[in-house]
Structure formats: C-alpha cells, structure tokens
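These notes concern the structure reproduced below.
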Amino acid sequence: MTPEHPEWYLITLADLQPRAAVRRFRQSIKDEWGCCAYCGRTHDEQGNLLEMTLDHVIPRRWGGDRWARQNMVPACKRCNHEKGSVRNYLDWYERTDFFCPERAKKIAAWIEPAATHWTIGEACYGETDGRAAVHPSKSGTRGSRTRPGGTHRSLAGVLGSALSIEGNIPPIQSGGWAVLQVG
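The opening residue of the sequence shown carries number 440 in my numbering; numbering runs sequentially from there.
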C-alpha cells in the first residue's frame with residue numbers, strides 16, 4: 440500500500456535521503472496501479488512498455504497538493520500531456536475516447552480525501568458514533584534548541600512536534616472527554 444506522503448520512508452528509515460524517499464514514493468504509486476490510471480494502457484501499439492509519469496489530478500496551479508498521494512495517479516505521457524492543467528479531470532476524462540467508468544470509479548476512490556475524523560468506538564466495538572480529532576502543532580525541537588515554526592525529519596517533525604487528541608469516547612470513558620498530549 441502506498442503511504443500518504445514521501446516523508447513516511449524517512450520516518451521508517453526505509454530511505455535515509457529525501458530524494459531516495461521521493462523516488463520510492465513516486466514508484467510505489469506507479470506500482471500500485473500497474474497501468475495508466477486514465478487509458479489503462481501498459482504498452483504502446485508496438486508492444487513497448489510505456490514510461491509512466493505521475494499526474495496531479497488537481498493541478499498544482501489550481502491548488503493541488505504537490506506531495507499528497509491522493510492527488511497523484513500514474514499516467515502515460517500521452518494522457519498526462521492531453522490532460523494538461525485541466526481544473527476538473529473528470530470533465531476532460533469523460534470526453535476522451537478511452538473513458539472507462541470502472542477506471543473513473545477507481546480514480547475517484549483513490550483521490551477521496553483521507554478521513555479527518557475517525558471513530559474510536561466504532562473501531563473498538565462497532566456500536567458508537569463518538570468522534571476524535573487529531574491536531575498537530577507547528578513547532579519543533581531538536582536537542583535543547585527550540586525551533587518555532589520549523590521541524591526536523593522525524594515522526595515529530597512530520598506531525599509538527601506535538602500531537603493533541605481530543606474526543607468524545609462514550610463506551611470507553613462513559614461520555615467523558617479524553618485529552619492526550621504527546622510532544
């Protein structure tokens with residue numbers, strides 16, 4: 440499964456260099472799909488393996504995230520070039536001669552934003568609608584130095600140094616609020 444961000448490879452020490460982490464992240468997206476997300480091709484008309492690029496579904500010029508997994512799909516050079524910086528990929532995709540409803544559903548599921556709220560009770564017992572929200576802070580520390588507004592390459596750096604979790608968790612704490620501060 441493809442991680443949400445290339446920083447994951449640095450956190451888990453799968454790669455120690457940022458460039459290597461980005462290469463692995465980009466390749467993992469291509470590997471997970473195995474073909475062009477739009478036309479579904481893997482080979483050209485002569486049977487040669489197509490070189491896949493990554494297409495930002497919501498172009499960066501229209502506010503699409505540069506590194507978010509859910510904003511990138513593999514695309515052959517032809518599809519990536521034809522799509523260009525179209526603001527709504529579906530408008531373009533539906534007009535192509537290779538439109539496929541199954542691939543459109545797969546793309547829609549892939550780019551669906553990760554849940555901003557998750558349910559502890561449902562995960563534990565499957566019977567509650569208690570919600571929890573996770574809010575990272577923006578400051579970081581390295582050794583004894585404090586670096587306000589900055590972070591370093593670690594889990595704390597990715598999460599913003601501190602993680603605060605608040606939520607209404609009825610089955611676990613009889614309707615009370617739980618606060619967890621890490622950092």
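We put the beta carbon where it would ideally sit given N, CA and C, even for glycine.
| Asked | Found |
| --- | --- |
| Any 3 or more C-beta pairs closer than 8 Å across the stretch 508-520 and the stretch 469-483 | yes |
| Whole-angstrom distance between Glu490 and Lys469, CA atom to CA atom | 10 Å |
| Thr481 versus Leu529: straight-line alpha-carbon distance, rounded | 21 Å |
| Span separating the alpha-carbon of Phe464 from that of Arg534 | 30 Å |
| Asp494 (DSSP reduced to helix, strand or coil) | strand |
| Asn510 versus Glu541: straight-line alpha-carbon distance, rounded | 18 Å |
| Contact belief for Arg508 with Thr441 at Cβ below 8 Å, rounded distance in angstroms | 5 Å |
| Buried versus exposed call for Asp494 [16 or more other C-beta atoms within 10 Å across all chains shown] | buried |
| N-terminal and C-terminal residue of the beta strand (DSSP E) that Val525 is part of | Run containing Val525: none; DSSP gives neither H nor E here. |
| Where Ala514 falls: helix, strand or coil (DSSP) | strand |
| Burial state of Pro513, where buried means 16 or more other Cβ atoms lie within 10 Å | buried |
| Integer Cβ distance of Tyr532 from Ala543, believed to fall under 8 Å | 6 Å |
| Endpoints, the alpha helix (DSSP H) within which Gln456 is located | It is not in any alpha helix (DSSP H) - Gln456 carries neither H nor E in the DSSP assignment. |
| Neighbourhood of Thr492 by C-beta, 8 Å cutoff - its chain only, sequence neighbours within 5 removed | Pro513, Ala514, Cys515, Lys516 and Asn519 |
| Minimum C-alpha distance to Ser524 - residue among Gly503, Ser467 and Gln456 | Gly503 |
| For Trp501 and Leu488, the rounded distance between their alpha carbons | 31 Å |
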